[in-house]
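Trainee:
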Amino acid sequence: MPSTTPAVEAVDLRKRYGDEVALDGLSLSIPAGTVYGFLGPNGAGKTTTMRLLTGLSTPDSGSVRVCGVSATDRRSLAPRIGYLPETPPLYDEFSAREQLDYVADLRDIPTDDARDRIETYLEEFDLAADADRRLGTYSKGMRQKTAFIQSVLHDPDVLFLDEPTSGLDPRAARRIRESVVDFADAGATVFLSTHILSVVEAVADEVAVLFDGRLVAEGTADEVRARAETGASASLEDAFLAVTGDAERPESDATQGA
Ligand SMILES: Nc1ncnc2c1ncn2[C@@H]1O[C@H](COP(=O)(O)OP(=O)(O)OP(=O)(O)O)[C@@H](O)[C@H]1O
């Protein structure tokens, strides 16, 4: 991929659900290798955006290209992207190892590579000892870690993460943050939607704030803080509240170091 091709390019995306305008002319251009922190209050349109960018849903108007591939071309898009949705698709009857084997098979990862990657990730995320237990018996955090692994197993160029540290203990949350940085260092792009502002401050190269289906701020965390007229010394939380009209406070976990 030429370095000038944006990893994600969305032009004037609009999406309604009945009378509800979820996205109202959203345009984004994200360079490859960027960790892009995507913020916004509840109902701002973050999940809708991720579903459009991953081709799971179609816009009423506007266009999406990921690594130069149109999001309407799901077959070409699928190998290039990984998506960890808010409610990850896991089979309760499978063990974590079976789930990951299944996904590796769907993704056509060669068997030996798949085995190596699965075992490495299970170790990294402290799941190896429980990897043969049914997912139905897993805690929320264990499920979240399994789902994260399944979203990255095929080494995607662009990784879309919806609240990836939700329900994780500090060690696991740190592991995910480190993985995000590792992916970006290796040239991948990470689109990270979260309410946990400290995660964004720790890992994001660029920050965007969505409010009522529109971007109300975009830039580095410092730029967003400066533009929010809260001053560069203010916290990202202050800037978030300023650019979203103080309409809604972030979740209570927004200031925690998860
Ligand atoms: N399937 C749907 N049917 C009807 N309305 C929907 C649907 N999905 C989203 N919406 C509406 O679109 C708007 C944006 O929702 P979306 O889930 O994208 O927000 P979000 O920023 O991800 O919110 P949260 O932070 O609470 O997860 C909301 O007003 C929501 O009620």
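This note's numbering puts the first residue of the sequence shown at -11, with every later residue one more than the last. Each residue gets a CB set at the ideal place from its N, CA and C atoms; glycine is no exception.
1. Excluding the 5 residues flanking V251 on each side, which residues of the same chain have their C-beta closer than 8 Å to its C-beta?
2. In chain order, which continuous runs of the beta strand (DSSP E) of length 3 or greater are located wholly inside the region 32 to 112?
3. Can you list every residue whose CB sits closer than 6 Å to some heavy atom of ligand 1, going in chain order?
4. Are at least three pairs of beta-carbons, each pair with one atom in the region -10 to 10 and one in the region 41 to 49, less than 8 Å apart?
5. Would you list the one or two residues that DSSP bridges to T177?
6. Sorted by chain position, which residues of the same chain lie with C-beta nearer than 8 Å to F199's C-beta, five sequence neighbours on each side aside?
7. Give the C-beta separation of E81 and R53 to the nearest angstrom, bearing in mind that I take them to be a contact with Cβ-Cβ under 8 Å.
8. How big is the Cα-Cα spacing for Y5 and T99?
9. To which residues of the same chain is R202 closer than 7 Å at the C-beta, ignoring the five residues directly before and after it?
10. Could you say which of A117, A160, R63 lies nearest to A135 if we only look at CA atoms?
11. Could you tell me which residues DSSP puts in a beta bridge with R202?
12. May I ask which residues mark the beginning and end of the beta strand (DSSP E) holding R131?
13. Can at least three beta-carbon pairs, one atom from the region 175 to 182 and one from the region 16 to 28, be found at a separation below 8 Å?
14. For S186, count neighbouring Cβ atoms within 10 angstroms of its own Cβ and tell me buried if that reaches 16, exposed if not.
15. Whole angstroms are fine: how far does the CA of D173 sit from the CA of P73?
16. Tell me the DSSP secondary structure of D241 in three-state form.
17. Give the secondary structure of E151 by DSSP, where H, G and I count as helix, E and B as strand, and everything else as coil.
18. Within 10 angstroms of its Cβ, does P144 collect 16 or more other Cβ (buried), or is it exposed?
19. Can you tell me which of R39, P77, P76 puts its alpha carbon nearest to the alpha carbon of T60?
20. Using the three-state DSSP reduction, which class does V223 fall into: helix, strand or coil?
21. For A117, which option in A102, R62, D104, R85 has the closest C-alpha, if you only look at C-alpha atoms?
22. Under three-state DSSP, which class holds R2?
23. Taking a contact to mean a Cβ-Cβ separation below 8 Å, would you say V204 touches V197 in this structure?
24. Determine which residues share a DSSP beta bridge with A(-4) and list them.
Mentor: Here's the rundown:
1. This structure cannot settle anything about residue 251, because the visible part of the chain is limited to -11 through 246.
2. 49 to 54, 69 to 72
3. Y5, E8, A10, G28, N30, G31, A32, G33, K34, T35, T36
4. Result yes; three or more Cβ-Cβ pairs closer than 8 Å.
5. V146
6. Apart from sequence neighbours up to five positions away, the residues of its chain that approach F199 with a beta-carbon distance below 8 Å are G28, P29, A32, V231, T232, G233, A235, ordered along the chain.
7. That pair is no contact at about 37 Å.
8. 42 Å
9. D12, G13, L14
10. A160
11. F199
12. Membership of R131 in any beta strand (DSSP E) is not indicated; the residue belongs instead to the alpha helix (DSSP H) covering 128 to 140.
13. Three or more beta-carbon pairs drawn from the region 175 to 182 and the region 16 to 28 are found closer than 8 Å, and the two stretches are therefore classed as touching.
14. buried
15. Distance between the alpha carbons of P73 and D173 is about 23 Å.
16. For D241, the pLDDT reaches just 42, beneath the cut-off of 50, and the residue's location in the model is therefore unreliable, leaving the point undetermined.
17. coil
18. buried
19. Among R39, P77, P76, the Cα nearest to that of T60 belongs to R39.
20. Residue 223 is actually Ser in this sequence, not Val. Three-state DSSP puts S223 in coil, outside helix and strand.
21. R85
22. Reduced to three states, the DSSP call for R2 is strand.
23. yes
24. With the sequence shown as reference, residue -4 is identified as Val, and Ala is not the correct amino acid for it. Bridge partners of V(-4): I18, V54.
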